[in-house]
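One structure below.
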Amino acid sequence: MNRRECLKRAGVLSAAVILALYGSPSGAADPQPVTVLVTYHSVSGNTEKMAQAVAEGAKAVSGTSVVLKRVSEVIGDDLLSSDAVIVGSPVYVGNMSGEVKTFFDNWGRKFGLGTATGKMRNKVGAAFATGGSISSGKEVTMLTILVSMLSHQMIVIRGASATTGPDSPGIDAKEIAEARDLGKRVAEVAALVKRGSSK
Ligand SMILES: Cc1cc2nc3c(=O)[nH]c(=O)nc-3n(C[C@H](O)[C@H](O)[C@H](O)COP(=O)(O)O)c2cc1C
């Protein structure tokens, strides 16, 4: 090996050692990852479709990992290990479905995360809803979900909704875009809260 090659190899080796010891050349530490739980109840698939779009939006924010589950599958650790929780419900008789209400009741009753524990405090929360009729409970459904989160001292963000009945069947492109944007915004705000609090 000639002198030039030897110097080049030594340069590459020292750069590798510096990177291993101190991280990126800018000196910036890797940002803390953010976990977003997207959970929903759905019988005929509308709310599930919105949930998938919300999850896609959150995943699009770099450094975010997303857990997508039905409310019946969520365990306490999913809630504890998340920085943000986004809950979706179909409108049933002008409000969240019984399954979603039971899910919230279980935070304290089953998971040991009752409001008095403060274990959900300052996590970010948001809601989404689908309803058959145009004006028949989507806003109330989202608000009652947010009220449940406020009881746990979470920081809440207004949600997204879709009309699925005969006047506007299924989930249209605008509703999907709104759901994606909700997921994205929640991931961004969760990152601000988490990374800001660690400074
Ligand atoms: C028991 C029951 C009650 C419902 N009540 C309402 C209602 O009050 N307002 C409304 O807009 N839609 C109502 N719907 C329609 C559902 O909210 C709508 O079809 C929703 O998109 C279903 O979601 P999913 O496909 O995720 O199950 C009701 C449906 C059921 C089964």
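Each position in the sequence shown, counted from 1, maps to that position plus 79 in our numbering.
All C-beta atoms in this analysis are idealised placements derived from N, C-alpha and C, irrespective of residue type, glycine included.
About 14 Å separates the Cβ atoms of Val150 and Val133, ruling out a contact at the 8 Å cut-off.
DSSP lists Lys148, Val166 as the bridge partner or partners of Thr118.
Within the DSSP bridge table, the entry for Ala195 names no partner. A Cβ-Cβ contact shorter than 9 Å links Gly211 with Thr242. Remark: the shortest separation between the CB of Thr126 and any heavy atom of ligand 1 falls under 8 Å. Closest by C-alpha distance to Val235, out of Ala266, Asp251, Gly193, is Ala266.
Less than 9 Å separates the beta-carbon of Asp162 from that of Val115. When distances are taken from the beta-carbon of Ala239 to the heavy atoms of ligand 1, even the shortest one reaches 8 Å or more. In this structure, the C-beta of Pro110 stays at least 8 Å away from each heavy atom of ligand 1. Ranking Gln111, Ser247, Lys253 by CA distance to the CA of Val140 puts Gln111 first.
Distance from the CA atom of Ala195 to the CA atom of Ile154, rounded to whole angstroms, is 19 Å. Distance from Gln232 to Asn201 at the Cβ level is roughly 7 Å; contact confirmed, criterion being Cβ atoms closer than 8 Å. When C-alpha distances from Met228 are compared across Pro248, Met129, Ser121, Leu192, the shortest belongs to Leu192.
For Lys217, the shortest separation between its Cβ and any heavy atom of ligand 1 lies below 8 Å. Taking the Cβ of Val153 as the reference point, every heavy atom of ligand 1 lies at 8 Å or farther away.
Gly177: not part of any beta strand (DSSP E); member of the alpha helix (DSSP H) spanning 177-188, first to last residue.
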